[in-house]
Amino acid sequence: MTSLQKQSGYFKGFKFNRLYSLSGIINLSLVTLIIAVMLLAYTTYSKLSSFEQSLNSMMNKSLPSVILSGKSYSQMNLLLSGTEQLSMANSEAMRRIATNTITRQLEGLQKLSQEHQQTYHISSQLSSVERELDELNELVEQRIAVNNRIERLTAKLYDLQRQINTDLTFSSPTGASTAWSLQFSRIMLLSAELTSLDQLSEIRQRQNNLENLFISLSELADTLPADQLQSAQLAIEALSETVLHPNSGLIALRQQQLKILGRVQGRSNFVRNLIADYARLNEFESHQLNQAVLSRAAKTSRLVEHQVKQASVLFIILLFAYIGFAVFIQRVVVNRLKNLNQQVQQRSTGQSHIITVTGNDEITELAKSFERFATTIELQKNTLEEMSLRDALTGIANRRAFDDYYSQALNVASRQRWPLSVLLIDVDYFKQYNDNYGHSQGDICLKQVATLIKQQMPRKTDILARYGGEEFAVLLPDTDEQGAIKVAEHILDTFKTAQLPHDFSGVADHVTVSIGISVGQQQDGTIKLPSVEAADRALYKAKRTGRNRWVNDAAENEQK
């Protein structure tokens, strides 16, 4: 018997012992109230009901709304302060402090929003603020990482200068050695000044100057004596790698730093505007509610004052009876039903785990029934979701999960203008493998293939899925053409190293794979997103041209 069946059986056999019947109490009270109401004119009753509703509205909505608005305003001021701290953070510790502050304020605003029962528009505005703050946090984290890398490169530059001063000392200086030393020192000085430049145009101009100086320095090195030439060339290579490397050089990192600084400032200003808009919307909604309730209370009060003069003693008796019944219904029925409804809604959205209502009556029975049903449904849902998104043989994602991840990655790549790559991988001559080794060995082979491919995907954002049969699909977010080709080559090399036996293959004595690549391309200022169909075309081209290779559909080239 499965856990689901056990739980269902337990629910069916569960019995509740009620201490009293809520329906009986309510029915008796209703009969009494109806008899009393018949003694008073309908108009008097309607006016009093209207007056009571106005009072309840002010107590339950207007006053709490004013209090919550004040709390929200305080929370938003603290949130603005935290945003400013985050945008100005220059270290990981400062960023974490600012992030913790922002998280606390957002949690407070979420709680106040739920208590205030705000409109969907205001709630969505708060969600937008959360998303923008997450993106601002990522930008600040990138900025801190780039700053750290620049500091390490600057220290490396100074270490290189000290090393050159120690290792490359000319015993008998000549004109050529002196000119080379002066040129090298000039390059070091200009490189060190890169950290003080705050304009991209200045950095690009300095890059052109340094490239020309490196050419001149290499030409001067050729005039040095043979015993000094090799040391000079090594020094030039080390300095060039530190300063001019296109991805990790000081110039490239400084350019990236300035770009990120601009994005952080823009995002910070945008978040501050969002918070200000949220504050104005919250204040406007609260003001409207207060005005409506106060207007209604004033009108009803005038009508009730006139009617009370005519109702006399009978009205007072009826009022006390009605208040007693209303309090009973409010406390015993309405409040508990509201609490139950809130817990059910929270349970449906994953915000709560257990549905509990005090008492021993029909509402308690209903709450326990909801809890049993919710627990059973959640367990069944989780089990079915896990089964539907996981390949039973290899343990990796299946085609359905891959399609979901692929749709999400396309949206992110289109919105952020990031590169995106798709790889389709097919095991070569797998039918022959199954026919000769057997299907059980074929299953083991597919597990090994999945493991080998997974080893070449160190990033958590990369997705590997079994697309069908012996076909596997790989999704590489934020990966350009060179990165996708590099992954494909690593996969081919991994199978070559693993040497999984396959004596019936037509291309090698071990298991090999063919890979089709589809990469997002920039065309006329827009991004042409990759597709599984394009990767499939490239895969079949790889199989037609000899297998055990990769083919890039977008670039129309292939592995040689």
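In case it helps, the numbering used here puts the sequence shown at residues 205 to 764.
Using N, Cα and C, we set each Cβ at its ideal position, and we do this for glycine too.
Only a predicted model underlies this, so the values are computations on that prediction, with no experimental measurement involved.
Assigned secondary structure, residue i (DSSP; H/G/I helix, E/B strand, else coil)
i	result
residue 384	helix
residue 725	strand
residue 714	strand
residue 707	coil
residue 293	coil
residue 629	strand
residue 683	coil
residue 415	helix
residue 231	helix
residue 608	helix
residue 639	helix
residue 621	coil
residue 558	coil
residue 451	coil
residue 285	helix
residue 392	helix
residue 403	coil
residue 465	helix
residue 311	helix
residue 750	coil
residue 745	helix
residue 428	coil
residue 663	coil
residue 298	helix
residue 553	coil
residue 422	helix
residue 242	coil
residue 735	coil
residue 564	coil
Residue i burial status per 10 Å Cβ neighbour count (16 or more: buried)
i	result
residue 280	buried
residue 391	buried
residue 624	buried
residue 679	buried
residue 643	exposed
residue 531	exposed
residue 606	buried
residue 441	exposed
residue 688	buried
residue 694	exposed
residue 528	exposed
residue 751	buried
residue 454	buried
residue 724	buried
residue 389	exposed
residue 736	buried
residue 545	exposed
residue 519	buried
residue 738	buried
Residue-level contact to chain C via CB, residue i, 9 Å cutoff
i	result
residue 481	No chain C appears in this structure, which consists of one protein chain only.
Presumed contact (8 Å Cβ cut-off) between residue i and residue j, rounded CB distance
i	j	result
residue 446	residue 386	Contact doesn't hold; Cβ gap of about 19 Å is too wide.
residue 720	residue 746	6 Å
residue 484	residue 284	Not confirmed; about 13 Å, so no contact.
residue 341	residue 303	6 Å
residue 660	residue 701	That pair is no contact at about 11 Å.
residue 343	residue 306	Wrong, their Cβ atoms sit about 14 Å apart, outside the cutoff.
residue 401	residue 410	6 Å
residue 290	residue 299	7 Å
residue 548	residue 457	The Cβ separation is near 53 Å, so there is no contact.
residue 753	residue 718	6 Å
residue 769	residue 479	Here the chain covers residues 205 to 764 and nothing more, so residue 769 does not appear.
residue 339	residue 471	6 Å
residue 578	residue 551	5 Å
residue 414	residue 448	7 Å
Sheet register partners of residue i (DSSP bridge)
i	result
residue 678	627 and 668
residue 601	594 and 669
Review point. Does the region 466-486 come close enough to the region 418-436 that 3 or more CB-CB pairs lie under 8 Å?
Key: Too few Cβ pairs lie closer than 8 Å, so no.
Review point. For the region 682-694 against the region 585-600, are there 3 or more C-beta pairs whose distance is under 8 Å?
Key: These segments do not touch.
Check your understanding: Taking contact to mean at least 3 C-beta pairs separated by less than 8 Å, is the region 616-626 in contact with the region 661-676?
Key -> Segments in contact, no.
Review point. Do three or more CB pairs link the region 642-662 to the region 597-614 at distances below 8 Å?
Key: With the cut-off at 8 Å, the region 642-662 and the region 597-614 touch.
Practice item. Take every Cβ of the region 735-743, pair it with every Cβ of the region 623-633, and state whether three or more of those distances are shorter than 8 Å. Key: By the Cβ test, the region 735-743 is in contact with the region 623-633, since at least three Cβ pairs between them sit closer than 8 Å.
Practice item. Evaluate the contact criterion for the region 564-582 versus the region 632-639: three or more CB pairs, one atom per stretch, below 8 Å. Key: At 8 Å Cβ cutoff, the stretches do not touch.
Review point. Would you call the region 393-402 and the region 352-363 in contact, with 3 or more CB pairs under 8 Å?
Key: Contact between the region 393-402 and the region 352-363 is present: 3 or more CB-CB pairs across the two stretches fall below 8 Å.
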